Amino acid sequence: GAAALVSTRFGGQKVNPGAATTTACSKLETLKAKFLAQQNSTKEDFAAETKNYATKICEGTGCEQNDAERERFRAEWSLVQKYYTEELARLESLLERVEDTIAEPPFRRCPEFE
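See below:
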């Protein structure tokens, strides 16, 4: 019957029905955790960079006094902002794909996501 077919397809090894789904559920859980950790780390890094550039790009007391340096820092800051915006969008897209997959059968029945 079905058990013989499963056994034949996997080189004679016994594979319980649903084993592939269980493995996929575990991998999805790992991916979700990884992308959430990367997202949090990216947000923390951006907050640190924001503090780092605060006095480099402002004008006035306590700010970079050299106009040329301040302009250079502003150009750098624009690139930093662009990088973090793109990275957060990339991670959000990956998390969305994982969440969409988790919402579909058979993954929505995984114990990891209930």
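Taken in order, the sequence shown gives residues 16 to 129; the numbers are from the numbering used here. By construction, the Cβ of each residue, glycine as well, lies at the ideal position given by its N, Cα and C atoms. Source: prediction; values computed, not measured.
Can you round the beta-carbon distance between residue i and residue j to whole angstroms, since I take them to be within the 8 Å contact cut?
i    : j   : result
E91  : R85 : Their Cβ separation, rounded to whole angstroms, is 11 Å, which puts E91 and R85 out of contact at 8 Å.
E127 : E44 : 4 Å
Rounded to whole angstroms, what's the CA-CA distance from residue i to residue j? Just pull it up for me.
i    : j    : result
S108 : K58  : 15 Å
Y68  : K42  : 38 Å
C40  : F122 : 6 Å
A17  : T36  : Interpretation of A17 is limited by its pLDDT of 42, a score under 50 that renders its predicted location unreliable; the figure taken from the coordinates is listed afterwards. Distance between the alpha carbons of A17 and T36: 17 Å.
F61  : V95  : 8 Å
I72  : R89  : 5 Å
T23  : A34  : Low confidence applies to T23: its pLDDT is 42, below 50, so where it sits in the model is not reliable enough to give any reading.
A83  : T38  : 56 Å
K97  : A104 : 11 Å
E111 : A52  : 14 Å
T116 : E102 : 21 Å
V21  : A63  : With a pLDDT of 42 at V21, under the threshold of 50, the predicted position of this residue should be treated as unreliable, though the coordinate-derived value follows. Near 53 Å, if we compare the C-alpha coordinates of A63 and V21.
K47  : T76  : 45 Å
R87  : T65  : 16 Å
For the candidate residues the options, whose alpha-carbon lies nearest to that of residue i?
i   : options               : result
F50 : N81, L106, D115, E114 : L106
Y99 : Q54, A34, A83         : Q54
field: Secondary structure, beta strand (DSSP E): runs of 3+ residues fully inside the stretch 36-105
entry: none
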